[in-house]
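In the UniProt record's numbering, the protein residues as written are 1 to 93.
Think of the CB as a built atom: it goes at the ideal place given N, C-alpha and C, for glycine as much as any other residue.
As the structure is a prediction and not an experimental result, all values here were calculated from the model.
What follows is a single structure, written as structure tokens, with notes after it.
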Amino acid sequence: MARASARHILVSTREACEDLKTKIEAGADFAACAKEHSQCPSGRQGGNLGEFGPGQMVKEFDEVVFTGEVGKVHGPIQTQFGFHLVEILQRTP
């Protein structure tokens, strides 16, 4: 079964999510941004979600993590929780 590890930043608006993505793509540290801005408890660990399998996260999040490019920051991804930036750290088939 496929497994992945990722980290994310959760914010309440698309605009805030896009602003953070721009900063990260310009060189800001993902973990530092997560600690400062994420509304998810995982923000305290730099957004780290650990390792998980398909179906353990919400559908929209899952689709990106198990199909997106590893090492790239994806988003904004809208879920019922808000808007996410996701960095896929690794994935196994």
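DSSP-derived helix/strand/coil call for residue 78: strand
Helix, strand or coil at residue 73 according to DSSP, with G and I counted as helix: strand
Contact under 8 Å by Cβ, residue 11 with residue 82: yes
Residue 4 - partner residues in DSSP beta bridges: 52 and 91
Extent of the continuous alpha helix (DSSP H) run through residue 17: 14-25
Nearest to residue 70 (by Cα), restricted to the options 45, 91 and 22: 91
Reduced DSSP secondary structure (H/G/I, E/B, other) of residue 86: strand
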